[in-house]
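Asks:
In the numbering used here, the protein residues as written are 2 to 293.
#1: To the nearest angstrom, report how far apart residue 171 and residue 35 are at their CA atoms.
#2: Going by beta carbon distance, what residues of the same chain come within less than 8 Å of residue 206, once the five residues before and after it are set aside?
#3: Taking the Cβ atom as the reference point for each residue, do residue 182 and residue 129 lie within a distance shorter than 8 Å?
#4: List in chain order: all unbroken beta strand (DSSP E) runs of 3+ residues lying wholly within the segment 152-196.
#5: Apart from the five residues on each side of it in sequence, which residues of its chain come closer than 6 Å, Cβ to Cβ, to residue 132?
#6: Indicate whether the contact test is met: 3 or more Cβ pairs, each with one atom in the segment 7-22 and one in the segment 250-262, closer than 8 Å.
#7: Starting from residue 37, trace the alpha helix (DSSP H) in both directions and tell me its first and last residue.
#8: List the endpoints of the continuous beta strand (DSSP E) containing residue 62.
#9: Compute the Euclidean distance between the alpha carbons of residue 210 and residue 154, then round it to the nearest angstrom.
#10: Just list the residues that DSSP pairs residue 246 with in beta bridges.
#11: According to DSSP, residue 97 sits in a beta bridge with which residue or residues?
#12: Nearest to residue 97 by alpha carbon, out of 109, 88, 80?
#13: Roughly how many angstroms lie between the CA atoms of residue 188 and residue 26, to the nearest whole one?
#14: Do you know offhand how far residue 4's Cα is from residue 167's?
#15: Is it buried or exposed for residue 54, if we count other Cβ within 10 angstroms and need 16 for buried?
#16: Could you check the C-alpha separation between residue 111 and residue 230 for me, to the nearest Å?
#17: Taking C-alpha atoms, which residue in 103, 157, 91, 151 lies nearest to residue 141?
Spelled out as structure tokens, the structure:
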């Protein structure tokens, strides 16, 4: 990634539309509920997203969410995102998503994606994938990530997916309590764990885990900064200033909106460059030694 020519690095963007697979409308009601929740009207292709970020000189990490076991939806191929990242390596990285229910077969896929496709990290969504992060079912995949000393992003807190649907679409918010990552951080010390989003209603739990475990980070995606809990801003300005990351959750929130509101959200001027780019550079091993 040509980080010197980028104004920021967005650690949290979604691949929404595959150009390899035919459209899978099974479970499309989850998309419509999320669009309503986030007031989003259109889902771009991978190529459209890349063009959007390139025009703005913002680097991006892109991933899908493999929820085939829980939701029965065909995932966007990790290989499709990885190929796009290789073609746009000056400003893009690919994180893979593998349903933890795939166990050892998932671990084999993780190894292949790292070695053959240049995947630089992984994404998990406990609520949508239907598992507790500490469940030993996921250990085989974690072991691969840990062995390669790569980062893994875990959704935490409330989920816009399923919000407003009957019974919340059957998705359990409790799976995404950030305290569940405490065991993972202990057993996999070489896996950098990124807790995605302000972790409502467990913000204090997230701050506690991140403060206690030096291999745990927080990304600020999914919310406009003007709505961040005050304690999150306080810790980002002080104890966690080196492990807080810019993320938008694009396309559900645009980087323009996020960065505009970031200016007035109470962050100290001296910590803002780190949040926007410097911390992500260390997490991703860009230009210096990766985070220890």
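Yeah, the Cβ is synthetic: ideal placement off N, Cα and C, and Gly gets one too.
Replies: So, to answer that:
#1: If you draw a straight line from the Cα of residue 171 to the Cα of residue 35, it is about 14 Å long.
#2: 178, 179, 180, 200
#3: no
#4: 152-156
#5: 101
#6: yes
#7: 29-39
#8: For residue 62, the uninterrupted beta strand (DSSP E) run begins and ends at 59-64, by DSSP.
#9: 15 Å
#10: 220
#11: 123
#12: 80
#13: 38 Å
#14: 44 Å
#15: Buried: at least 16 other Cβ atoms inside 10 Å.
#16: Using only the alpha carbons, I get a separation of about 35 Å.
#17: 103
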